[in-house]
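Novice:
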Amino acid sequence: MKIIDGGVTAPKGFQAAGIRAGIKASSEKKDMAMIYSEQPAVIAGTFTRNLVKAAPVLWDRELVEEQEAIRAVVVNTGIANACTGTVGYENTQKEAVLAAEILGIQPKEVAVGSTGVIGKQLPMDIIEAGIRALAPQLKDSRQSSKDAAEAILTTDTKSKEAAVTVEIGGKEVTIGGICKGSGMIHPNMGTMLGYIATDAAIEKGLLLEMQRELVEDTFNMVSVDGDTSTNDTVLVMANGMAGNETIRTKDADYQAFREGLLYVNRALAMQIAADGEGCTRLFEVHVAGADTKENAKILSKSVVTSSLTKAAIYGKDANWGRILCALGYAGVDFDPLKVDIALVSKAGNIEIVKDGVATDYSEEEATKILSEDKVTAQIDVHNGVEEATAWGCDLTHDYVSINADYRS
Numbered sequence: 010m011k012i013i014d015g016g017v018t019a020p021k022g023f024q025a026a027g028i029r030a031g032i033k034a035s036s037e038k039k040d041m042a043m044i045y046s047e048q049p050a051v052i053a054g055t056f057t058r059n060l061v062k063a064a065p066v067l068w069d070r071e072l073v074e075e076q077e078a079i080r081a082v083v084v085n086t087g088i089a090n091a092c093t094g095t096v097g098y099e100n101t102q103k104e105a106v107l108a109a110e111i112l113g114i115q116p117k118e119v120a121v122g123s124t125g126v127i128g129k130q131l132p133m134d135i136i137e138a139g140i141r142a143l144a145p146q147l148k149d150s151r152q153s154s155k156d157a158a159e160a161i162l163t164t165d166t167k168s169k170e171a172a173v174t175v176e177i178g179g180k181e182v183t184i185g186g187i188c189k190g191s192g193m194i195h196p197n198m199g200t201m202l203g204y205i206a207t208d209a210a211i212e213k214g215l216l217l218e219m220q221r222e223l224v225e226d227t228f229n230m231v232s233v234d235g236d237t238s239t240n241d242t243v244l245v246m247a248n249g250m251a252g253n254e255t256i257r258t259k260d261a262d263y264q265a266f267r268e269g270l271l272y273v274n275r276a277l278a279m280q281i282a283a284d285g286e287g288c289t290r291l292f293e294v295h296v297a298g299a300d301t302k303e304n305a306k307i308l309s310k311s312v313v314t315s316s317l318t319k320a321a322i323y324g325k326d327a328n329w330g331r332i333l334c335a336l337g338y339a340g341v342d343f344d345p346l347k348v349d350i351a352l353v354s355k356a357g358n359i360e361i362v363k364d365g366v367a368t369d370y371s372e373e374e375a376t377k378i379l380s381e382d383k384v385t386a387q388i389d390v391h392n393g394v395e396e397a398t399a400w401g402c403d404l405t406h407d408y409v410s411i412n413a414d415y416r417s
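Heads up, the sequence shown is in the working numbering, so the first residue is 10 and it goes up one at a time.
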């Protein structure tokens, strides 16, 4: 596997565009994007588990369940098209119909994404003008992916892209993607829109199974604030233009492709955590020594979602009691007198708890380690051999400020 500089246009046959349509009059930022595949792309997808689902989620879920392949995606920011009733769903359909007409494809070959304020109807005149403006700008350039990545952001402070190449059957296969996510991020799909493209040829059932497995160890291991959104969507599109023999079994080609797709999912997930609303640093929690994989996940999520721990990370305070406490209320059985905790960053590695009690560590050294952009809590509960990693961020004053005036 080779990590490359790229995004959703890195694989063969994928084009993208991003523009400012004017959905949010108070902003000059880009707010609409389009992705297009020159050939039909097998589709897989995962969606929010929130009972309240936005209209585009309902539409895209139907596509994943009923369609073998799609050709395009249209995305808007500013308005989520959630809690908008039958009118909202009809507007989603209208977007697909118009995009299909312009691109010369079928409406059921167009996925739709929305993100932003809940409860407002889409300004369809602006949306339709945006779709008409996007189509002529579709390109397979590096800049086009950057434009699309920028156009799907809401409170994000930076674009999020990732891409790799892998060799499958003597052919170079590329996997690249873009995503957005900053607030309302929590396991079971946080507020994110993710679009991953690949020129690999792979059977749909395998791709769907693979992506759903990978989401559990990547996007579903991210938490910023404990809120799960109505619009979460991650789509994977595979158009087969790399020319590899179609992957139909879990053989060596399958494993090579899986490694690449795992990297892209994980890289995008970590970028979301690192750009949590108001955050100053990425907070990674790695739990080892658990009796089961599921319990390792539960423990790591419990620490990464603890508001007290997140506040301590913001304050550069090695308050290990909060970490141990979060482990203790996770609902997993372990012996507190066997727990080891270390803090790790580019500034160093310091063990702060050994066998459940504090070590004679330097508070000054711990603060130095906690001052870096990425901080990892390495935890060993010495109860088995399973491990898991979760990602989040610190909790700051700015998080409250951002969400106090989100609709204004």
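C-beta atoms are modelled at their ideal positions from N, C-alpha and C, and glycine is treated no differently.
1. Quick check on this structure: which residue in ILE322, CYS92, GLN76, GLY139 has the alpha carbon closest to the alpha carbon of LYS117?
2. Tell me which same chain residues have a C-beta within less than 7 Å of the C-beta of MET219, skipping the five on either side of it?
3. Based on the DSSP secondary-structure assignment, which residues constitute the bridge partners of TRP400?
4. Given a cut-off of 8 Å on the beta-carbon distance, is the pair VAL51 and ILE211 in contact?
5. Leaving out five residues before and five after ARG257 in sequence, what residues of the same chain have Cβ atoms less than 6 Å from its Cβ?
6. Let me know the secondary structure DSSP gives LEU352 once reduced to three states.
7. Taking C-beta to C-beta, are TYR370 and ILE388 nearer than 8 Å?
8. Determine whether the beta carbon atoms of GLY324 and HIS391 lie at a separation below 8 Å.
9. Here's the rule I'm using: 16 or more other beta-carbon atoms within 10 Å means buried, otherwise exposed. How should PRO345 be labelled?
10. Going by alpha carbons, who is nearest to ASP14 out of VAL66, ARG151, GLN130, GLU110?
11. Counting pairs of Cβ atoms below 8 Å between the segment 164-172 and the segment 29-41, do you hit three or more?
12. What separation, rounded to the nearest whole angstrom, lies between the Cα atoms of VAL182 and ALA247?
13. According to DSSP, simplified to helix, strand and coil, what is GLN115?
14. By the three-class DSSP mapping on this structure, what secondary structure does CYS334 have?
15. With C-beta atoms as the reference, is ILE184 less than 8 Å away from VAL119?
16. Straight-line CA distance for ALA375 to GLU176?
17. Measuring only the C-alpha atoms, how far is MET41 from GLY357?
18. Assuming contact is defined by CB atoms lying nearer than 8 Å, are LYS39 and GLU159 in contact in what I supplied?
19. Looking at the secondary structure, which residues open and close the alpha helix (DSSP H) in which LYS310 lies?
20. Tell whether a beta-carbon distance below 8 Å holds between LYS320 and LEU404.
21. Which residues bound the alpha helix (DSSP H) around GLU47?
22. DSSP on THR318, reduced to helix/strand/coil?
23. Would you mind stating whether GLY190 and THR314 have Cβ atoms separated by less than 8 Å?
24. Taking C-beta to C-beta, are ALA43 and ALA89 nearer than 8 Å?
25. Can you say whether GLY409 is buried or exposed, counting buried as having 16 or more other CB atoms within 10 angstroms of its CB?
26. Near ALA399, which residues of its chain fall below 6 Å by C-beta distance, leaving aside the five closest residues on each side in sequence?
27. Nearest to LYS21 by alpha carbon, out of TYR272, ASP241, GLU373, ALA209?
28. Can the beta-carbon of GLN130 be found less than 8 Å from the beta-carbon of ASN85?
29. Measuring CA to CA, which of GLY214, GLU286, ILE205 is closest to THR164?
30. Would you mind working out which of GLY97, PRO145, LYS148 sits nearest SER123, comparing C-alpha positions?
31. Kindly give me the distance between the Cβ atoms of SER153 and ALA19, rounded to whole angstroms, as I take these residues to be in contact under 8 Å.
32. Buried or exposed for THR95, going by 16 or more other Cβ atoms inside 10 Å?
33. If you measure between the beta carbons of TRP329 and ILE350, is that distance less than 8 Å?
34. Suppose contacts are defined by Cβ-Cβ distances below 8 Å. Is VAL66 in contact with THR242 by that definition?
35. Report the option in ILE281, LEU215, ASP226, ASP382 whose CA atom is closest to the CA atom of TYR263.
36. Would you call the CB atoms of ASN240 and ALA91 closer than 8 Å?
Specialist: Inspection of the coordinates gives the following:
1. GLN76
2. ARG267, LEU270
3. VAL231, GLU293
4. yes
5. So the qualifying residues of the chain are GLU212.
6. In the structure shown, the three-state DSSP call for LEU352 is strand.
7. The Cβ-Cβ distance between TYR370 and ILE388 does not fall below 8 Å.
8. Taking the C-beta atoms as reference points, HIS391 is found no nearer than 8 Å to GLY324.
9. exposed
10. ARG151
11. no
12. One C-alpha to the other measures close to 10 Å.
13. coil
14. helix
15. Taking 8 Å as the cut-off, the Cβ atoms of ILE184 and VAL119 do not count as close.
16. 43 Å
17. 42 Å
18. yes
19. 302-313
20. One detail in the question is off: residue 320 reads as Ala in this sequence, not Lys. Closer than 8 Å, so yes.
21. GLU47: not part of any alpha helix (DSSP H); member of the beta strand (DSSP E) spanning 41-56, first to last residue.
22. helix
23. no
24. Going by the sequence as given, residue 43 is Met instead of Ala. In this structure, ALA89 does not lie closer than 8 Å to MET43 by Cβ.
25. What sits at residue 409 in the sequence shown is Val, not Gly. Exposed, by the Cβ-count rule.
26. MET230, VAL294, SER309, LYS310, VAL313
27. ALA209
28. no
29. GLU286
30. Ranked by Cα distance from SER123, the first of GLY97, PRO145, LYS148 is GLY97.
31. 11 Å between Cβ atoms; not a contact.
32. THR95 is exposed by the Cβ-count criterion.
33. yes
34. yes
35. Looking from the CA of TYR263, the closest CA among ILE281, LEU215, ASP226, ASP382 belongs to LEU215.
36. In contact: ASN240 and ALA91 (Cβ atoms closer than 8 Å).
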